[in-house]
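Below: one structure, written as structure tokens.
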Amino acid sequence: MSFEIKVERTENSRLSQLDPENIGFGKVFSDHMFLANFKDGEWKNARIVPYGPLSMSPATSAIHYGQSIFEGMKAVAHQSSDEAIALFRPEENAKRFNRSAKRMAMPEVPEELFMSGLQALLELDRHWVPRSAGGALYIRPYMFATDDYIGVKPSDTYCFAIFTCPVGPYYTKALRVKVEEEYSRAAPGGVGFTKCAGNYAGALYPTALAQKEGFDQVLWTDPLSHEWVEETGTTNFFAVYSDRIVTPALSQTLLAGITRDSVIQALRHLGHEVEERPLSVQELKDSLSQGQLAELFITGTAATLVNLDGFGHRGEYHSVMEQGNQQVSREVKHFLDELRCGATQDPFGWVQVL
Ligand code: PMP
């Protein structure tokens, strides 16, 4: 299948207004966006147009019943030439997008449409990829239901879109997380393994409460007993012990992070032992008091890899940062950063240079 993409270039590039030293996160958008529509059972009208507002009916079903999914990925400057940029395992995002689509009764986006739209957009806006250290072009593919009909049923029509925004680092310090025991993010049989919009809306209130208590993020636990650690708001969770690294096993209630998978494979490549298995809050507390727990860190596209200062549980704060020197998290972060930008050879075939 091949898709023809019509391109309408902007006549007023905003690139010169970008201050590379002061980018922030998610507030400045690149010049163009990609759009395609699903109608009469097929994807059509693939096009790139200047970034700008979308007009829609007040009855647009995504707004009412939430058929809305997204992905998050990054392009970074690549050392192979002054203009080269690189994507990291983009086909994994396309696959996860379609797992989300299937669960939300939305049509799949053919991987070829996803990839060709993405590549065409990046070709056009490649100068928006920051070349400053720690900078990247964040890429937001998403799909939402567009029927103007308020009966509750899967929409017949959809819009698939991609826009991008230059970003600096998401978190700039070690984080304090609160082990959440009252609210749940996901349940067995539910939609926790998808990137549907509602998962993020449901997390906002508990996260705001945790922030009022002085935490940065919620550390979600299983919805039944609240004893088992799952993930944080937009990242997966890793515990570094003196002789191994443990991360919660994947399940229906956890988002299968692409950074998570990459970190696991990179750690093993670097000679570390990694276990994917259930991990309880009690185990974290016991291993900390026995001097076995050296580091905690979280992983995700936006955040990349960030250390946790510690975790709060039932009113007590357990400080982990002071236990170790962040040796393992630094080693794997450095390895992945170098691999992404071409400073070290990529033994996995993960990096796609454009
Ligand atoms: N968990 C959740 C809930 C997320 O939204 C994300 C971000 N996509 C992650 C984990 C990390 O996934 P990835 O490494 O693919 O960005």
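Per the numbering used here, the sequence shown runs over residues 3 to 356.
Note that CB positions come from ideal geometry on N, CA and C, so glycine has one too.
Keep in mind that this is a model prediction, so the values were computed, not measured.
Residue i, buried or exposed, once every other Cβ within 10 Å from all chains shown has been counted against 16
i    : result
R98  : buried
M108 : buried
P132 : buried
F116 : buried
E6   : exposed
R178 : buried
L272 : exposed
D245 : exposed
Q219 : buried
V154 : exposed
F36  : buried
R357 : Only positions 3 to 356 of the chain appear in this structure, which leaves residue 357 out of reach.
Q69  : buried
F240 : buried
H336 : exposed
A210 : exposed
K29  : exposed
Straight-line gap, residue i to residue j (C-alpha atoms, nearest Å)
i    : j    : result
P2   : Y173 : Only positions 3 to 356 of the chain appear in this structure, which leaves residue 2 out of reach.
T301 : S331 : 10 Å
E93  : K76  : 13 Å
A79  : A86  : 6 Å
L286 : V193 : 27 Å
D42  : Q213 : 46 Å
N309 : M323 : 8 Å
E114 : G204 : 32 Å
L356 : A88  : 6 Å
S82  : P156 : 45 Å
E318 : R16  : 48 Å
C-beta contact flag for residue i and residue j at 9 Å
i    : j    : result
R187 : T255 : yes
V242 : L298 : yes
S357 : F72  : Missing from the structure shown is residue 357; the chain here goes from 3 to 356 and no further.
V9   : R49  : yes
S59  : D158 : no
L269 : V334 : yes
N120 : I164 : The sequence given here places Leu at residue 120; Asn does not occur at that position. Cβ atoms of L120 and I164: closer than 9 Å.
L221 : E182 : yes
K357 : H320 : As displayed, the chain neither begins before 3 nor continues past 356, which places residue 357 out of reach and without an answer.
N95  : P143 : yes
Same chain, Cβ closer than 6 Å to residue i, neighbours up to 5 away in sequence not counted
i    : result
S118 : F5
L281 : V231, V248 and P250
Contacting residues, own chain, Cβ-Cβ under 7 Å from residue i (five flanking each side not counted)
i   : result
F27 : V169, G170 and Y172
Close-in-space but distant-in-sequence residues of the same chain around residue i (CB under 8 Å, 5 per side omitted)
i    : result
N39  : W45, K46, N47, T148, T159, Y160, C161 and F162
Q267 : F350
Any non-hydrogen atom of the ligand COA within 8 Å of residue i CB
i    : result
Y185 : Annotation note on the ligand COA: not contained in the displayed structure, which lists the ligand PMP as its ligands.
Exercise for the section: Could you tell me whether the region 13–23 touches the region 56–66, where touching means 3 or more Cβ pairs closer than 8 Å? Expected result: Touching, no.
Practice task
Would you check if the region 216–236 and the region 247–254 touch, i.e. whether three or more CB-CB distances between them fall below 8 Å?
Solution key: A contact between stretches requires three or more CB pairs, one per stretch, nearer than 8 Å, and the region 247–254 meets this requirement with the region 216–236.
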